[in-house]
Each structure stands twice: as structure tokens, then as C-alpha cells.
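Residue numbers (the working numbering): -14 to 199.
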């Protein structure tokens, strides 16, 4: 699958008969289309469940993020909710080394999650900045074997609910906006969160417009 992350290492397992296009799964699915459907269906169910369970005053932890991933993918993959043990890259960009994931997630909890959750709406700009820094840093760590972007968006949605926002609408992050998003991830490597804050400003604005029309 051309746009899937390329793992390296002994645990880079694919479903037999899938031509190395579908990760080994509990359902024995070999079709790219079918596994994508099952993951999307499970993500919707997990989002609804976690929105009902998340408290406005909840300070998220690394364990919470692992649970989000497990609630979402636990019936599809054996490694759901477990930190990856394979190295991942997308194109020439290497994500954090697998051996560093536990330490990096502890630091993420201590330095980022404790500071920016629960997410509050004190000013109009504050939620976008909090969402941006949490999202960018989690993406850079890439703690799971797959589903990192969607799990990070799920966390952003739950944080948005804490700030009194409707469920975030990420549908506008495509085409040129997708390129801006990728550039914002790279900027975050240098602790420059302004580009990602701008991305989330637009996500929040789109969310509010769509919600106002519904």
C-alpha cells in the first residue's frame, strides 16, 4: 500500500495472501478496502463511547491514550493499545525509535498532557494552541504500529469537548491543507507550533460553521 507507513524489523507482519498490503489481523481480512471499512466503523463506535466517558476535568495520561487505541482497534489487532516494537518511517521521515517510545510517552505525559489537559476555553485562541502542541508531539512520537494519526485526532476531539467545542471536523484537511498539515508536523520538530496552531484554528472554525448550519 503506497501511502502506508513502512515498518522495519522482525514484527512487520502482514496478513497472508494480502500481498503485504494489510497488516496481520484477528479477522483474517486480506482486502485493503474491507480492513479500512472495519477500522472506520470501529473508530466511530470508539469515538462515541469515549465521548460519553470523558470528563470535562479529566487530565489525560499516556495510559488513557493506550486505552483509546485499544478501545478502537482491540477487536481487530492483537497489538492494539501496545507501544510499537518496530521502527516506522514515512518516505524519508523517521519517527521516534521504537526503543524510545516508553520514555518519550512518559515525558509527553509529564510535560505536555499535564500542562494542556483538561483543555479549557479561557480565550478564543487557547484551545487551538493546546490541541496543536498535543497533536504534533503525539504524531512525532508515533507510539503505535498503526492508527497514530486517527488516534491523535480522537484525542483532539475529546480535548475539544472539554473546551466546549462540538466534535472536531477534520474533513477539510486534504489537498493543499494536507500539505500545510504535514509541514506543520515538520515545524514541530523545532518546537515551532505556530503552523499547527493555524491548522487547528481552521479546523475549529470549520467545525463551528458546520455545526451552526446543522
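Yeah, the Cβ is synthetic: ideal placement off N, Cα and C, and Gly gets one too. Nothing here was measured: the structure is a model prediction, and the numbers come from that model.
Let's see if you can read the secondary structure: which residues bound the beta strand (DSSP E) around residue 72? The sequence position of residue 72 within the chain shown is 87, counting from 1. Residue 72 -> beta strand (DSSP E) spans 72 to 75.
Pick from 81, 71 and 144 that is closest to residue 98, judged by C-alpha positions: Here the question's residue 98 lines up with position 113 in the chain shown. Checking every option, the nearest Cα to that of residue 98 belongs to 144.
Considering only their Cβ atoms, is the gap separating residue 187 from residue 129 smaller than 7 Å? Taking the chain shown and counting its residues from 1, the one referred to as residue 129 is at position 144. Taking the chain shown and counting its residues from 1, the one referred to as residue 187 is at position 202. No; because the gap between Cβ atoms is not below 7 Å, this pair is not in contact.
With residue 20 as the anchor, note down where its alpha helix (DSSP H) starts and where it stops. Here residue 20 refers to the residue found at position 35 when the chain shown is read from its first residue. Per DSSP, the continuous alpha helix (DSSP H) segment holding residue 20 begins and ends at 17 to 38.
Nearest to residue 66 by CA position, among 116, 47 and 73, is which residue? Translated into positions along the chain shown, residue 66 becomes position 81. Comparing Cα positions, the closest option is 47.
Presumed contact (8 Å Cβ cut-off) between residue 142 and residue 153, rounded CB distance: Numbered from its first residue, the chain shown carries residue 142 at position 157. Numbered from its first residue, the chain shown carries residue 153 at position 168. With a Cβ gap of about 5 Å, residue 142 and residue 153 count as contacting.
Distance, Cα to Cα, residue 105 vs residue 13? By one-based count along the chain shown, residue 105 stands at place 120. By one-based count along the chain shown, residue 13 stands at place 28. Roughly 43 Å between the two C-alpha positions.
Nearest by alpha-carbon distance to residue 178: which of 88, 115 and 51 is it? Stepping through the chain shown from its first residue, residue 178 is reached at position 193. Nearest option by C-alpha distance: 115.
Would DSSP call residue 116 helix, strand or coil? On the chain shown, residue 116 is found 131 positions in, with the first residue counted as 1. Residue state, collapsed to three classes: helix.
Does the distance from the CB of residue 139 to the CB of residue 79 come in under 7 Å? Looking up residue 139 in the chain shown gives position 154. Looking up residue 79 in the chain shown gives position 94. No; because the gap between Cβ atoms is not below 7 Å, this pair is not in contact.
Among 168, 158, 73 and 185, which has the Cα closest to the Cα of residue 111? Mapped onto the chain shown, residue 111 falls at position 126. Of the candidates 168, 158, 73 and 185, the one whose C-alpha sits nearest the C-alpha of residue 111 is 185.
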